[in-house]
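Numbering (this note's numbering), first residue to last: 56 to 249.
Next up, the structure:
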């Protein structure tokens with residue numbers, strides 16, 4: 056999406072291998088962070104959304120697909136790009152998935168196309184950069200006005216969620232990596248003792 060009406064990009068450095076960080080991201084339960092749940096609840100209350108039901112998380116990527124996001128691109132261990140269309144200003148947002156071939160040309164009036172990425176860039180064997188970027192573009196001037204008005208206040212929650220989720224993924228991945236190192240070290244020690 057080279058042209059967009061709104062864009063947000065966040066990144067963190069992680070002391071763990073890229074493939075482990077990507078796996079941790081894919082399995083991460085967004086709802087495991089209490090403040091994220093509160094932000095979703097607060098948005099719903101402010102806009103008058105119907106009460107949402109809770110669900111058992113299948114992991115970040117699976118949950119995104121279940122919510123209606125389409126997969127635009129996926130490179131296992133490195134990149135996940137989701138996309139869809141919606142009217143984000145509505146109280147009960149319905150995401151409609153768009154395929155990679157349909158995404159760019161889609162132009163039905165009154166809609167917003169949104170693409171978001173989760174990317175892991177290896178820096179060396181034991182560290183990487185975890186980045187997420189969201190881009191949104193309206194399909195007509197009226198939708199653009201509504202999107203920009205919505206984005207002015209909604210971005211506070213969007214930023215907060217990213218500031219909470221990326222460090223949480225980092226902590227989980229770094230913990231997994233330390234535990235893997237510890238189990239390999241103890242395995243090596245026991246072999247030497249035999």
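No residue lacks a Cβ here, since even glycine has one placed at the ideal position from N, Cα and C.
Whether residue 83 touches residue 115 by CB criterion (8 Å): yes
Span of the alpha helix (DSSP H) around residue 116: 115–122
Simplified DSSP state of residue 66, which is helix, strand or coil: strand
Inter-residue Cα distance where the pair is residue 104 and residue 165: 20 Å
CA-to-CA distance, residue 74 to residue 133, given in whole angstroms: 7 Å
Cβ pair count under 8 Å reaching 3, the stretch 196–215 against the stretch 227–234: no
Test item: CB-CB of residue 125 and residue 153 under 8 Å: yes
First through last residue of the alpha helix (DSSP H) which encompasses residue 157: 155–158
Residues bridged to residue 77 (per DSSP): BP columns for residue 77 are empty, so no partner.
Nearest-angstrom Cβ-Cβ length linking residue 68 and residue 184, presumed shorter than 8 Å: 6 Å
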